[in-house]
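**Student:** Below: one structure in structure tokens.
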Amino acid sequence: MLPALANIPTGADYAALLPAFVVAVTPLLILFVDLFYRESGPWRRVVAVGLALVWLIVAGALQAGQYPHDYVAFGGAFVQGGFSIVLSEIVIVATIATLLLSIGVGRDDQVAGTTSLLLWSASGAMLMSGASNLMTVFLGLELLSLALYCLCAMSTRRTARESALKYLILSSMASGFLLYGSALLFGATGSVAFAALASATVTPLLALGAGLFMVGLAFKLSLVPFHAWTPDVYEGAPLPVTAFMSIVTKAGTLAVLARFAYAALPSEHRAAVLLPLWVLAALSMLVGNLAALAQTDMKRLLAYSGIAQVGYIVTAFAGTSALGLRYAILYLAGYTFMNLGAFAVVALMARDGDAIVGLPRFAGLAARRPWLAAAMTLFLIGLAGLPPTIGFTAKILILTTTLGAGYAWLAGTLILGTAISAYVYLKIVRAMFARVDAAHVRDERSPNVLPWVAVAVCAVATVVLGLQPLTPSNILPLVK
Amino acid sequence: MNVAPENYVALSAVLFFIGVVGVIARRNPLIMLMSIELLFNAANLALVTYARAWVNNAGHIFAFLVITVAAAEAAIGLAIVAVTFRKEPFVDVDEVSALRG
Amino acid sequence: MLLYLVWLLPLVGGVGLWAFGPQLKSWAGPIGSALVGVSFIATLFLWRDATAARALDVPLGSWLPGWSFGLLLDRLSLIWTLIITGVGFLIHVYSIGYMDRDRAFARFFAYMNFFVFAMLTLVLSDNVIGLLVGWGLVGLASYFLIGFWFYKPTAVAAARKAFVMNVVGDIGIMFAIFLIVAKLGGIGYGLIFANVGSAFTPHELFLVCLGLFIGCAAKSAQIPLHSWLPDAMEGPTPVSALIHAATMVTAGVYLVARFAPLWSASPDAQELVGAIGALTAIAGAILGCAQWDIKRILAYSTMSQIGYMIMGVGIGAYDAGVFHFLTHAFFKAQLFLGAGIIIHALADEQDVRRMGGLRKQMPFAFAAMLVGVLAISGVPGLSGFFSKDAVVYGALQTGHPWLYAVAVVTAGITAYYMFRLLFVTFFGAYRGAVDPSDLGIRHPELAGTAASPGHHPEEEEPHPHAPGWLMSAPVAILIVPTIAIGWLDFGSNSAWKQFFAGFFPRAADAAGAAPISEAVSTLLVLLAVAIGFAVAYARYGAPAALRGAIARLRTETIRMPGVLVNAYYFDAAFEALLVRPARALGGWFDRTVDPHVIDAGVREAAISAQWLGHLFRSFQTGLVRAYALTLAFGVACIVAYYALAFGGGR
Amino acid sequence: MTVTALVLGPLVIGLLLYLVPREHGGIARLVAVAVGAISFGLALYDPAAGDASVRWLSRPFAASFHLGFGPVSYWIVVLLALATFGAALAVTGPRSRALAAQLLILQGAMNGVFLAKDLLLFALFWDLMLIPVFLVLVEFAPHGRTAWKYLIYNLAGGLALLLATAAFGYLATTTDVIGKSLPAGTIGSVWGAWIFAGFAFAFLIKTPVFPFHTWMPETYAELPAPMVAVVSAVQSKAGLYGFLIVGLPFLAPEMARAQTLMFALGAIALIYGALASLVERDAKRVVAYSSLSHLGLIVLAVFSGSNLAIAGAVVYIVAHGLFSAVLFLALGAVEQREETRDLARLGGLGARNPKLAGALMLGALAALGLPGLAGFSGEILILTGLYRAGFVWPALVALVAVVLASAYMLRLFQGIMNGPEVPDLPERRDMTWTEALAIAPLVAGFVLLGINPAPLVARAAALAQPAPPALVSVRAVPEDSHAAGAR
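Chains as they are written, first to last, in the numbering used here: chain A, 1 to 480; chain B, 1 to 101; chain C, 1 to 650; chain D, 1 to 487.
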């Protein structure tokens with residue numbers, strides 16, 4: 001008697017997975033279409049990206065259509081509904097933006113391949129957003145990561161291959177920790193479902209397993225001290241990939257972390273088990289911002305900034321209050337727009353959409369390209385947590401829940417980190433607006449106008465999200 | 001012969017530790033990849049052991065999953081190592097440190 | 001309504017002439033004078049209302065409950081208003097002639113009109129805040145007029161000094177206001193006087209009086225806040241006549257007289273004020289003997305005479321003090337205007353050593369000055385005789401023999417230095433052509449006597465000449481009251497005493513306490529005056545003295561004691577004790593504390609952050625194995641935590 | 001409607017000004033002038049404008065986009081409109097467009113700060129108003145460091161404010177509180193101390209008060225004159241306003257507990273600023289330090305708990321805004337003509353620039369507290385209130401500062417306008433009519449306010465009336481008792 005036969009997957013199970021499934025299958029279509037081209041040409045690119053965009057939008061619509069419903073599919077392995085839908089949407093938005101940025105990058109005959117990898121990676125993140133047992137988590141995580149390893153190498157630059165190698169080795173090692181942690185958790189409870197963890201008694205085995213599991217997640221979120229790969233990989237990878245990575249891995253991993261922290265731990269020991277997480281968040285806020293102070297390359301700077309921003313997001317979980325989760329996801333949504341906007345601006349400053357853009361390139365930008373400078377200013381003040389942006393609103397919400405949960409030290413660290421970060425971001429603003437002799441500044445323009453779409457959408461979203469009325473119904477449903 | 005599950009778990013821990021040390025200590029990326037395989041397989045061993053201990057097939061399924069993923073990982077890993085070191089006479093990860101700071 | 005007119009007409013003039021001065025050109029003088037004249041006439045129409053049983057009190061508005069403002073014209077403010085507008089009018093007319101060559105003719109009259117307005121605000125106010133407003137505004141007008149020739153650094157410095165020292169006085173009054181408001185919750189005179197006895201303890205009353213008196217001392221150049229007055233002579237001479245002799249500087253007298261109920265209730269304050277008045281009287285008189293600048297001599301004499309007035313009102317002889325103010329307004333204006341004629345004629349020469357023998361060239365000026373000197377010296381029959389006598393005897397009447405003695409001696413010294421002025425200026429030979437060094441003048445430009453460059457567009461040689469009618473007529477008119485006004489207070493039941501009958505609180509111990517009669521006292525004063533005159537004549541007026549005048553002036557200049565030349569070192573003391581430490585401290589704040597102490601902390605924090613950033617950057621070696629090591633290290637830490645947290649507790 | 005227009009109008013128009021071609025700075029300037037004038041008219045026309053409120057947050061605390069006139073803020077908004085009008089008129093130079101645009105953005109943000117009836121909205125605008133000043137400093141200040149210094153100090157304050165607001169919101173479950181009252185005990189003493197510390201830190205930096213003031217002289221010296229006129233006139237009042245509308249009603253026990261410390265800081269600022277401006281050579285820094293001194297006085301008033309002093313503080317807040325704007329605009333005109341602000345190099349300008357000298361003189365006189373002008377009205381109310389509430393020594397210290405004020409203000413005026421003409425200074429022409437038009441309304445303002453501050457006092461009374469009992473108890477002398485002794 002096979003007990004598994006009792007729950008053979010039904011249509012309802014697949015319906016829950018449908019958006020991720022669409023994203024995962026589209027590459028097959030793209031690759032198939034691409035087979036018919038004999039020679040390289042712009043059409044190959046247009047068709048591949050166009051197909052991807054269309055199906056991503058379809059997936060986004062399907063995902064949105066799921067909104068009011070909750071799905072518990074595959075015997076609890078995949079749970080969709082509530083915040084995980086929002087995270088999936090974030091993944092889709094980020095992927096669309098990445099495609100917009102990547103229009104001019106790479107060879108025409110490779111685009112089908114890179115686009116496919118991108119979609120697979122996105123589908124991995126979408127899988128993670130609904131993952132609620134250890135196996136699904138591992139599967140999603142690896143799907144996300146394996147595609148990313150390849151994407152990182154997709155450039156003629158030598159540093160791209162270096163970044164791929166580093167990412168491969170370190171990320172695999174972190175996956176190893178996650179996996180071993182999963183094995184220990186399984187060993188401690190006899191189940192791979194998160195739901196089973198919540199009712200387990202806390203043994204050293206469980207705590208150790210939880211610890212290793214969180215290390216794996218912390219690595220993906222690039223929390224200090226598991227952040228070392230981030231700047232190198234971000235700098236080396238092609239710009240669109242970096243933009244993609246900065247959002248999508250966070251979105252997927254955050255979903256897992258949220259489920260784990262909120263639903264998979266025995267409540268009486270939750271605070272003690274999660275304490276290292278808050279310490280990591282505090283370290284990230286400080287180290288990320290401080291290290292960003294010394295950076296001169298834009299992608300690297302955004303990498304460190306991302307480390308700190310993740311610190312803010314994880315801070316919202318402190319005390320594991322329901323509101324904290326909402327604000328974490330709100331912040332992530334805001335961060336998505338601010339960060340993608342900033343990457344889009346950087347993309348517009350490079351001829352091929354993928355050059356190393358150093359800070360000196362921003363000198364006097366306001367005089368040369370005022371709209372670009374204005375947009376960049378908005379994104380940067382948003383990242384710095386200044387109004388009128390979602391950065392400000394979400395930050396004060398996080399502060400409130402953190403204080404309310406009794407983690408005043410974490411709130412204080414957040415404020416301190418924000419103070420340091422202001423210097424990081426406004427340094428660029430200052431460079432853009434200062435009067436300079438711009439003769440020696442290399443002024444490159446991307447021939448591509450699609451990133452402007454990303455810039456515009458992100459700018460509007462950054463402000464509107466910050467000022468829109470936030471009520472329980474529109475802020476976010478609670479964790480499942 | 002019935003070996004207590006604790007021994008398997010201990011063995012898996014040792015394997016895991018060796019894997020970690022291997023990643024840190026070896027400069028050859030191929031050996032590093034092998035060490036990573038060791039990490040995964042240490043986990044597999046633990047999973048299978050616990051699956052037996054709890055009489056729960058989930059552990060076995062998980063192990064199969066891991067084996068599949070590890071295969072994909074090895075393939076991609078070897079490809080990346082090959083691309084990275086195609087023009088180098090020696091294979092040494094410490095040579096690859098242009099990205100830093 | 002008429003009172004509004006009296007009060008606001010000069011303001012209209014001040015603002016109008018300031019704004020439209022360039023368009024009005026030479027009409028500015030007549031217009032300004034006319035406005036003050038109309039104000040004077042209007043005041044005369046108000047005489048009946050002011051002297052009625054219930055004085056004229058016009059409300060203006062209010063800030064807060066209890067803080068209401070109004071204009072009050074009673075007997076005391078009537079006297080002041082008449083002097084301000086009357087003498088003010090004459091001096092305005094005089095100025096049309098005196099300032100005729102000045103580029104900023106209209107601006108001068110704007111300031112003068114503004115001053116009249118400010119002074120009227122001071123005396124007409126029916127509350128302490130209004131008084132303080134007037135008090136501050138006259139200080140401002142004084143500042144403007146002292147610094148009228150603002151391209152002269154000495155004038156600029158003098159103006160600032162006058163203003164700042166007057167602000168010291170202002171804060172004294174503010175302090176008094178604090179106490180009054182804290183106790184009474186209101187600012188009106190009526191409220192204050194009605195509650196003098198009930199609201200204040202004697203100590204508080206003394207403090208109120210002290211605060212008010214600080215105001216008096218600054219405004220009326222009483223020791224130790226007197227040193228701005230001689231410097232204020234940098235202003236044009238009509239200014240000195242109006243502001244720094246006749247009206248503004250006597251505001252202190254007004255203040256004490258106005259707050260007579262407070263003073264009468266606080267004997268300690270009376271003693272203090274009387275003593276300071278007497279001290280100022282004699283100290284000013286002594287300094288008057290050591291000056292060579294004609295206006296500074298008059299300035300010290302003003303200081304000394306105000307000392308008399310302050311002593312008078314301070315010890316409770318209010319009507320005597322006020323009367324001395326009245327006569328002084330006339331004869332001192334007279335003296336200044338006479339001096340102005342000389343200065344004007346000599347192209348701004350003010351050093352008496354470089355004058356001499358002017359009697360023949362300028363008989364009118366001589367006559368004017370002579371009358372003034374006789375009056376101030378207290379020669380019987382002239383105005384100063386009566387008023388000074390009243391004050392001096394008042395000291396004895398109220399039981400202050402020491403003050404009396406000082407007052408008598410001062411009378412003698414006054415006669416000495418005033419006749420000295422007269423002899424040196426008008427007798428002997430003209431010394432304008434003598435080399436300054438032969439007269440002992442080492443630094444003519446520092447003596448404040450140098451003709452101001454650029455003030456007169458056309459260069460002209462100093463030649464004594466007769467003044468125009470615009471300048472002589474006011475002086476001629478002033479001669480009449482200078483001689484005659486004193487008779488108002490002749491006899492024990494004089495018109496003056498009737499005028500103020502019942503107005504002031506009666507002195508604690510009236511006549512009868514005095515050991516000698518008024519006649520004897522008068523004789524004593526006259527004796528002192530005679531001695532003063534005799535010494536002056538012997539030293540400067542006798543034929544022998546006149547012959548050796550140049551050599552004599554030289555030795556006297558060189559041998560003048562430093563303590564007198566430096567006016568008892570008051571300025572030096574202020575400089576060393578207040579100004580320098582304040583500037584040093586300010587410099588320390590500005591140049592050391594701000595950049596190197598406070599900012600240093602912030603700067604160090606910023607630098608540390610940068611340093612940490614570079615440190616973290618250096619950790620990022622680019623070696624993948626090192627990254628793996630940190631990863632493993634992090635894991636080790638976390639495992640250790642769980643081992644500690646959950647391992648032991650099982 | 002009116003209040004919304006006052007906030008959004010300048011913000012939006014300011015941003016739109018960037019659409020004007022860069023070389024048409026004159027148009028941008030005219031638009032800014034018009035916006036200043038219209039907001040002035042609007043505020044005067046509709047002083048009883050109703051509140052505008054839109055829901056923003058409901059969790060973790062209720063918050064709204066709630067704007068409305070308050071007892072103090074109405075006058076500050078009027079002042080700001082006047083200051084913006086004058087400042088916009090004074091905008092000149094090749095980069096007029098940026099300056100005019102940032103002026104309007106700043107005006108909108110500051111209107112937001114003062115009109116916000118919601119604490120979170122207040123914090124939002126508080127941080128927002130950093131940005132235009134920072135950008136102008138970046139673009140116009142000769143030293144790059146100045147912008148950073150401004151930012152570091154003010155952002156530190158802004159973040160403390162944010163933290164305090166978050167805690168406040170958590171405890172009170174709403175931030176829509178300005179002008180209202182909370183049930184007693186909403187904010188306990190443990191949290192209260194920290195929340196107050198956060199607010200006070202922000203407010204003291206913004207004001208600024210010793211020892212948080214060092215950003216100010218540099219910022220004021222290096223901002224272009226139009227901007228600094230607005231910043232010193234209005235932005236520096238934000239902190240004091242904060243104490244009045246947040247501290248007094250909600251954190252009264254903490255205010256009372258901090259009284260000694262704040263009195264010390266205020267008194268030090270009072271004397272420190274005065275002495276420093278006595279020796280400073282840079283004309284704009286003289287005024288900056290003088291502001292430190294004046295604002296120290298207002299801090300004393302705010303913490304005295306005396307209704308009289310608080311009424312005086314309100315008067316003085318507006319008065320200081322008016323005269324400091326005049327001073328900075330006049331100094332800007334001087335700097336534009338002579339290309340230096342060094343008192344040692346300037347001198348004798350009054351002879352050829354009588355109107356400019358008059359403007360500077362009027363500003364200086366108001367600043368030194370000449371009786372009859374607005375500075376005096378505020379000062380005497382504050383000082384009397386202080387003394388009446390039993391604070392004898394602070395009142396006496398303030399009196400010393402009054403004397404010093406006259407010394408440094410005259411030094412400033414005379415150093416520029418009086419004395420012999422300095423021959424090698426470049427340009428001489430008297431005030432243009434635009435400059436006169438910029439300054440005249442401000443001067444009229446402080447003259448009128450000096451003659452009759454009653455409207456402000458009346459409004460301030462409304463502010464101070466519901467002072468909670470805890471604050472009343474700190475008064476050493478009951479306000480209305482004639483019998484109690486002064487110490």
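All C-beta atoms in this analysis are idealised placements derived from N, C-alpha and C, irrespective of residue type, glycine included.
Computed from a prediction, not measured in an experiment: that's the story for all the values here.
1) Quick one: does residue 56 of chain B have its CB under 8 Å from some CB of chain A?
2) Can you find the residues in the same chain that come closer than 8 Å, C-beta to C-beta, to residue 254 of chain A, ignoring five residues on each side of it along the sequence?
3) How is the beta strand (DSSP E) around residue 66 of chain D delimited, first residue to last?
4) By the criterion of Cβ-Cβ separation under 9 Å, what are the contact partners of residue 50 of chain B in chain A?
5) Report the residue from C:333, C:114, C:103 whose alpha carbon sits nearest the alpha carbon of residue 481 of chain C.
6) Whole angstroms is fine: what's the gap from residue 326 of chain D's alpha carbon to residue 439 of chain D's?
7) Just to confirm before moving on: does the CB-CB distance between residue 152 of chain D and residue 245 of chain D stay below 8 Å?
8) Examine chain C for any beta-carbon lying closer than 8 Å to the beta-carbon of residue 98 of chain B, and answer yes or no.
9) Using a C-beta to C-beta distance shorter than 7 Å, which residues of chain A count as neighbours of residue 151 of chain D?
10) Anything in chain A within Cβ reach of residue 131 of chain D, meaning under 8 Å, just list it in chain order.
11) Taking 8 Å as the CB-CB limit, is residue 278 of chain A close to chain C?
12) Which value, in whole angstroms, describes the spacing of the CA atoms of residue 84 of chain B and residue 21 of chain A?
13) What do you get for residue 63 of chain C, buried or exposed, if any count of 16 or more other CB atoms within 10 angstroms of its CB means buried?
14) Within the continuous beta strand (DSSP E) that includes residue 80 of chain A, where are the two ends?
15) Taking the alpha helix (DSSP H) that residue 546 of chain C falls in, what are its first and last residues?
16) Which stretch, first to last residue, makes up the beta strand (DSSP E) that contains residue 71 of chain A?
17) Which residues bound the alpha helix (DSSP H) around residue 343 of chain A?
18) Does any CB atom of chain B fall closer than 8 Å to the CB of residue 587 of chain C?
19) Whole angstroms are fine: how far does the CA of residue 206 of chain A sit from the CA of residue 185 of chain A?
20) Tell me whether residue 445 of chain C is buried or exposed, calling it buried when 16 or more other Cβ atoms sit within 10 Å of its Cβ.
21) What runs of the alpha helix (DSSP H), each 4 residues or longer, lie entirely inside the segment 272-333 of chain D?
22) Thinking just about the alpha-carbon of each residue, which of D:21, D:113, D:17 is nearest to the one in residue 33 of chain D?
23) Would you list the one or two residues that DSSP bridges to residue 56 of chain C?
24) Mind listing which residues of the segment 341-361 of chain A have their C-beta closer than 7 Å to chain B's C-betas, in chain order?
25) What separation, rounded to the nearest whole angstrom, lies between the Cα atoms of residue 420 of chain A and residue 133 of chain C?
26) Are the Cβ atoms of residue 34 of chain A and residue 48 of chain A separated by less than 8 Å?
**Tutor:** The short version:
1) Here residue 56 of chain B refers to the residue found at position 56 of the second sequence. When Cβ-Cβ separations below 8 Å define contact, residue 56 of chain B makes contact with chain A.
2) Taking the first residue of the first sequence as 1, we reach residue 254 of chain A at position 254. Cβ within range, chain order: 87, 221, 313, 328, 329, 332.
3) As a first step, residue 66 of chain D must be located in the fourth sequence, where it is residue number 66. Boundaries of the beta strand (DSSP E) harbouring residue 66 of chain D: 63-67, taken from the DSSP string.
4) Residue 50 of chain B sits at position 50 when you count from the first residue of the second sequence. Chain A residues near residue 50 of chain B: 183, 184, 186, 187, 188, 190.
5) Here residue 481 of chain C refers to the residue found at position 481 of the third sequence. The shortest Cα separation from residue 481 of chain C among C:333, C:114, C:103 belongs to C:333.
6) Sequence index remark: in the fourth sequence, residue 326 of chain D carries index 326 (1-based). Sequence index remark: in the fourth sequence, residue 439 of chain D carries index 439 (1-based). Each residue's Cα considered, the two are about 6 Å apart.
7) Here residue 152 of chain D refers to the residue found at position 152 of the fourth sequence. Here residue 245 of chain D refers to the residue found at position 245 of the fourth sequence. No Cβ-Cβ contact shorter than 8 Å links residue 152 of chain D with residue 245 of chain D.
8) As a working mapping, residue 98 of chain B is identified with position 98 in the second sequence. Yes, residue 98 of chain B lies at the interface with chain C (some Cβ there is under 8 Å from its Cβ).
9) Residue numbering aside, residue 151 of chain D sits at position 151 when the fourth sequence is read from its first letter. Those are 422, 426, listed as they occur along chain A.
10) As a first step, residue 131 of chain D is located in the fourth sequence; it is residue number 131 there, counting from the start. What residue 131 of chain D touches in chain A: 381, 386.
11) Counted from its first residue, the first sequence places residue 278 of chain A at position 278. No, residue 278 of chain A lies away from the interface with chain C (no Cβ there is under 8 Å from its Cβ).
12) Your numbering for residue 84 of chain B matches position 84 in the second sequence. Your numbering for residue 21 of chain A matches position 21 in the first sequence. Looking at the two C-alpha atoms, the distance is approximately 33 Å.
13) Counting from one through the third sequence, the residue named residue 63 of chain C turns up at place 63. By the neighbour-count criterion, in which a residue is buried when 16 or more other Cβ atoms sit within 10 angstroms of its Cβ, residue 63 of chain C is buried.
14) As a working note, residue 80 of chain A is residue 80 in the first sequence. Annotation: the continuous beta strand (DSSP E) that includes residue 80 of chain A extends over 78-80.
15) Here residue 546 of chain C refers to the residue found at position 546 when the third sequence is read from its first residue. 543-547 is the span of the alpha helix (DSSP H), which, as asked, contains residue 546 of chain C.
16) The residue you call residue 71 of chain A lines up with position 71 of the first sequence. Counting along the chain, the beta strand (DSSP E) containing residue 71 of chain A begins and ends at 71-73.
17) Taking the first sequence and counting its residues from 1, one reaches residue 343 of chain A at position 343. Segment 322-348, the alpha helix (DSSP H) holding residue 343 of chain A.
18) Taking the first residue of the third sequence as 1, we reach residue 587 of chain C at position 587. Residue 587 of chain C does not count as touching chain B.
19) Here residue 185 of chain A corresponds to residue number 185 of the first sequence, with the count starting at 1. Here residue 206 of chain A corresponds to residue number 206 of the first sequence, with the count starting at 1. Straight-line Cα distance between these residues: approximately 5 Å.
20) To locate residue 445 of chain C, count along the third sequence from 1; it is residue 445. Confidence at residue 445 of chain C is low in this model, with a pLDDT of 48, below 50, so its placement is unreliable and no value can be given for it.
21) 283-304, all fully within the segment 272-333 of chain D.
22) Translated into the one-based positions of the fourth sequence, residue 33 of chain D becomes position 33. Of the listed residues, the one whose Cα sits closest to residue 33 of chain D is D:17.
23) Looking up residue 56 of chain C in the third sequence gives position 56. Residue 56 of chain C has C:73 as its beta-bridge partners, per DSSP.
24) Answer set for the segment 341-361 of chain A: empty.
25) Numbered from its first residue, the first sequence carries residue 420 of chain A at position 420. Numbered from its first residue, the third sequence carries residue 133 of chain C at position 133. If you take the alpha carbons of residue 420 of chain A and residue 133 of chain C, they lie about 51 Å apart.
26) As a working mapping, residue 34 of chain A is identified with position 34 in the first sequence. As a working mapping, residue 48 of chain A is identified with position 48 in the first sequence. Yes, the Cβ-Cβ distance between residue 34 of chain A and residue 48 of chain A is below 8 Å.
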